[in-house]
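Q: Throughout, my numbering is defined as the position within the sequence shown, counted from one, plus 1099. Think of the CB as a built atom: it goes at the ideal place given N, C-alpha and C, for glycine as much as any other residue.
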Amino acid sequence: MPSKTPIGIFLAAAAALSTNAIIPVNSIAGEKHGDMGGLKEWTTDQEADEEGKLDEAAQKAADKAKKADICIPIGEGENCW
């Protein structure tokens, strides 16, 4: 197994940075850069156990599920939204 030399680490970092320079969408989130997912917004200003705010797409899905009375599964259990 090869050791991690400074040159190897530099090359790996340079490759990662050049990929982000060529394809910036991979490192930028937001509406203008494609839907990156993320159903709830939570900031460090909130308490750890405070509920997060659903983003617009998640709120629409939750409202639709409530109207249809269906379960949107979360994980592998029987937990529903």
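1. Terminal residues of the continuous alpha helix (DSSP H) containing residue 1156?
2. So which of 1173, 1103, 1159 has the shortest CA-CA distance to residue 1167?
3. I believe residue 1147 touches residue 1153 by the beta-carbon criterion, under 8 Å. Please report the beta-carbon distance rounded to the nearest angstrom.
4. Since residue 1172 sits in a beta bridge, which residues does DSSP pair it with?
A: Answer, in terms of the structure:
1. Counting from one through the sequence shown, the residue named residue 1156 turns up at place 57. Annotation for residue 1156: the continuous alpha helix (DSSP H) segment containing it runs 1155-1167.
2. Locating residue 1167 in the sequence shown gives position 68, where the first residue counts as 1. Ranking 1173, 1103, 1159 by Cα distance to residue 1167 puts 1159 first.
3. Mapped onto the sequence shown, residue 1147 falls at position 48. Mapped onto the sequence shown, residue 1153 falls at position 54. With a Cβ gap of about 18 Å, residue 1147 and residue 1153 do not count as contacting.
4. Position 73 of the sequence shown, counting from 1, holds the residue named residue 1172. Per DSSP, 1179.
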